[in-house]
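Step one of this worksheet: look at the structure below.
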Ligand code: SF4
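In the numbering used here, the protein residues as written are 6 to 115.
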């Protein structure tokens with residue numbers, strides 16, 4: 006199960022120019038097990054800060070700077086594609102329905 010708007014862009018994603026722009030650093034980021042923050046899972050060697058040692062406002066500012074400089078279009082992974090589909094892809098209601106169908110009940114411990 007996936008968002009229909011996300012799946013619809015795979016033809017674009019396999020072309021040389023890829024899907025752009027990428028909103029990593031603005032709408033999503035990656036945090037590794039050591040607290041290092043990067044634009045995404047493919048930028049682990051370019052941390053903008055660390056949750057354990059840097060102020061959140063500093064990390065946020067660096068993420069936005071990295072986002073503005075980023076011209077990468079080399080992936081269309083679901084961590085990027087789902088949020089971009091919901092925020093910018095149009096057809097919000099059908100995509101929200103797909104998103105809801107991707108969820109499942111989780112029993113709360115009690
Ligand atoms: S296109 Fe993919 S690999 Fe490139 S910065 Fe964006 S999320 Fe990372």
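Even for Gly, the Cβ is constructed at its ideal location relative to N, Cα and C.
For clarity, every value in this text was computed on a predicted model and none was experimentally measured.
Since I believe residue j is in contact with residue i (beta carbons under 8 Å), could you give me their beta-carbon distance rounded to a whole number of angstroms?
i	j	result
residue 5	residue 75	A question about residue 5 goes unanswered here, because the residues of the chain that appear run from 6 up to 115.
residue 54	residue 64	4 Å
Suppose contacts are defined by Cβ-Cβ distances below 8 Å. Is residue i in contact with residue j by that definition?
i	j	result
residue 7	residue 79	no
residue 33	residue 71	no
residue 11	residue 108	no
residue 40	residue 68	no
Roughly how many angstroms lie between the CA atoms of residue i and residue j, to the nearest whole one?
i	j	result
residue 9	residue 36	27 Å
residue 110	residue 98	21 Å
residue 26	residue 115	44 Å
residue 14	residue 106	20 Å
residue 23	residue 60	34 Å
residue 50	residue 73	18 Å
residue 18	residue 92	18 Å
residue 103	residue 85	16 Å
residue 16	residue 81	10 Å
residue 31	residue 77	14 Å
residue 48	residue 87	19 Å
Checklist entry - Can you give, in chain order, each stretch of the alpha helix (DSSP H) that sits fully within the region 80-112 and has at least 4 residues? => result Those alpha helix (DSSP H) runs which fall completely within the region 80-112 and span 4+ residues are 83-93 and 97-107.
Item to check | Segments assigned alpha helix (DSSP H), at least 4 residues, entirely inside the region 7-31 | outcome: 9-12 and 15-18
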